[in-house]
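Asks: My questions will all concern the structure given below.
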Amino acid sequence: MTDQPLPEQIIAQFVQLLSVERKHEFDFTGIPQPGGVGRVFGGQVIAQALQAAQQSVEEGKSAHSLHAYFLRGGREGEVINYAVTADFEGRSFANRRVVASQQGEPILNFSASFHREEAGLEHQAPVMPDVAPPEDLPPEHEQRAGMIARFGDRMTEGQRALFLRPRPIEMRTPGQLHWMNSDPKPPVAHSWFRTVARLPDDPALHRAVIAYASDYTLLGTSVLPHGLSWFRGELTSASLDHALWFHRPARADEWLLYATDSPWSGGGRGFNRGSIFNRAGELVASVAQEGMIRRRRKE
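Per my numbering, the sequence shown starts with residue 345, numbered consecutively.
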């Protein structure tokens, strides 16, 4: 058995993963996830695209929203190229368009809007859900280890390795995670998340990490009413689009609550919404995503 990397090593590698390299003024390259298997995680492509867009904007303007369409699944083990177009550069706002591609084939269309900070009218409609604090919840790796103990004999070696791979984002969830669901339940889920070690004091990086984490658990919310699970091979799914609005600065290495709900599914698609709160109950970001969800046909 190989030694597990330290949390600080995991985060150093994670920061490198999200640090895209500038090749030309508006062309960037993102490295692959070390040890990645199969399809690239959608949150990684969104975060790298955001980082490319953020590097192309003048200092003083911060991303306040992004919209992305997944065109096809990316392949692990290959670099991703990010071509940025500067569509608008105003005094208060700026807009960037990004196409992510592998070997000349687009995999993601992405746009982001940037805003220079200013004072304005304030209100907050959603109230932070009353859930157990993260300190009172078991770490996700304990839940995953329990699933391995119960169902590991049904998994391939690759699935087991992916399931137990050290993750840069620590999550703690009240009740069962969506991939453990077997009974129909309301399409509502709550998860605390933060990085497993402290991040550098770079607000752009923290926004990228929140964008990365916003793709966790979201699509699974629309499956909860149907009592189906990817873990048991009952579903085929893929994210179709993803939208994220940043409302206030937040640190991704401090606990944030991700509250998700799914008001609708049908026609092979599921629609999901998310609200991200800090420990003070302030709304940090809002998320929306639609994904393909299909019952896997039995052979």
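Glycine included, each C-beta is placed from N, C-alpha and C at the ideal position.
Below 9 angstroms between beta carbons: does that hold for arginine 494 and serine 526?
Replies: Taking 9 angstroms as the Cβ cut-off, arginine 494 and serine 526 do not qualify as a contacting pair.
Asks: For lysine 367, count neighbouring Cβ atoms within 10 angstroms of its own Cβ and tell me buried if that reaches 16, exposed if not.
Replies: Flag for lysine 367 reads exposed.
Asks: Go ahead and pull the three-state DSSP assignment for phenylalanine 507.
Replies: In the structure shown, phenylalanine 507 sits in a helix (DSSP, three-state: H, G or I).
Asks: Please classify phenylalanine 615 as buried or exposed, where buried requires at least 16 other C-beta atoms within 10 Å of its C-beta.
Replies: Its Cβ being crowded by 16 or more others within 10 Å, phenylalanine 615 is buried.
Asks: What residues in its chain sit with their C-beta under 6 angstroms from that of arginine 416, if we drop five residues either side in the sequence?
Replies: Excluding residues within five positions, the ones whose Cβ falls inside 6 angstroms are Ile451.
Asks: Go through the region 427–505 residue by residue and report every complete run of the alpha helix (DSSP H) that reaches 4 residues or more, in order.
Replies: The region 427–505 contains these whole alpha helix (DSSP H) runs: 484–495.
Asks: Going straight from the alpha carbon of arginine 641 to that of leucine 579, what length do you get?
Replies: Taking the straight line joining both Cα atoms gives about 8 angstroms.
Asks: Do tyrosine 426 and glycine 374 count as a contact pair if the criterion is CB distance below 9 angstroms?
Replies: Taking 9 angstroms as the Cβ cut-off, glycine 374 and tyrosine 426 qualify as a contacting pair.
Asks: Assuming contact is defined by CB atoms lying nearer than 9 angstroms, are serine 566 and glycine 490 in contact in what I supplied?
Replies: Cβ distance not < 9 angstroms, so serine 566 and glycine 490 don't count as in contact.
Asks: According to DSSP, is leucine 543 helix, strand or coil?
Replies: Three-state result, leucine 543: coil.
Asks: Could you give the DSSP three-state label for phenylalanine 370: helix, strand or coil?
Replies: Coil.
Asks: Which runs of the beta strand (DSSP E), 3 residues or longer, sit entirely within the region 563–627?
Replies: The region 563–627 contains these whole beta strand (DSSP E) runs: 579–590, 600–610, 613–621.
Asks: Which of the three DSSP states is assigned to tyrosine 560 in this structure?
Replies: Looking at tyrosine 560 - three-state DSSP - the assignment turns out to be coil, as it is neither helix nor strand.
Asks: Sort out for me which residues DSSP pairs leucine 410 with in a bridge.
Replies: In DSSP, leucine 410 forms a bridge with Ala456, Leu588.
Asks: Ends of the alpha helix (DSSP H) at isoleucine 355?
Replies: Start and end: 351–361.
Asks: Would you kindly check if the distance between the Cβ of leucine 600 and the Cβ of alanine 623 is under 9 angstroms?
Replies: A small fix is needed here, since residue 623 is arginine in this sequence, not alanine. In this structure, leucine 600 lies closer than 9 angstroms to arginine 623 by Cβ.
Asks: DSSP state of valine 423, grouped into three classes?
Replies: In the structure shown, valine 423 sits in coil (DSSP, three-state: anything other than H, G, I, E or B).
Asks: At the level of alpha carbons, what is the spacing between tyrosine 560 and glycine 387?
Replies: About 8 angstroms.
Asks: For alanine 407, which of Ala632, Ala552, Glu449 has the nearest alpha-carbon?
Replies: Nearest option by C-alpha distance: Ala552.
Asks: Use the C-beta contact count for tryptophan 608: other C-beta atoms within 10 angstroms, 16 or more gives buried, fewer gives exposed.
Replies: Answer is exposed; the Cβ neighbour count stays below 16.
Asks: Look at alanine 533 and leucine 588 and say whether their C-beta atoms are less than 9 angstroms apart.
Replies: Not a contact, by the Cβ cut-off of 9 angstroms.
Asks: Compute the beta-carbon to beta-carbon distance between proline 518 and proline 349, rounded to the nearest angstrom, for a pair I have assumed lies under 8 angstroms.
Replies: The Cβ separation is near 28 angstroms, so there is no contact.
Asks: Determine the closest residue to proline 593 out of Asp605, Gly611, Asp546, Tyr602, with distance taken between C-alpha atoms.
Replies: Taking only the C-alpha atoms, the option nearest proline 593 is Asp546.
Asks: Pull up the distance between the alpha-carbon of valine 540 and that of arginine 613, whole angstroms please.
Replies: Taking the straight line from one Cα to the other gives about 33 angstroms.
Asks: Does the beta-carbon of leucine 465 have 16 or more other beta-carbons within 10 angstroms, so that it is buried, or is it exposed?
Replies: Exposed, by the Cβ-count rule.
Asks: Does the count of Cβ pairs from the region 392–404 and the region 465–482 closer than 8 angstroms reach three?
Replies: Counting Cβ pairs under 8 angstroms, fewer than three are found: no touch.
Asks: Can you list, in chain order, the residues of its chain with a C-beta nearer than 8 angstroms to that of leucine 543? Leave out the 5 residues immediately preceding and following it.
Replies: Correct list, in chain order: Ile355, Val359, Leu549, His550, Val553, Arg595, Ala596, Asp597.
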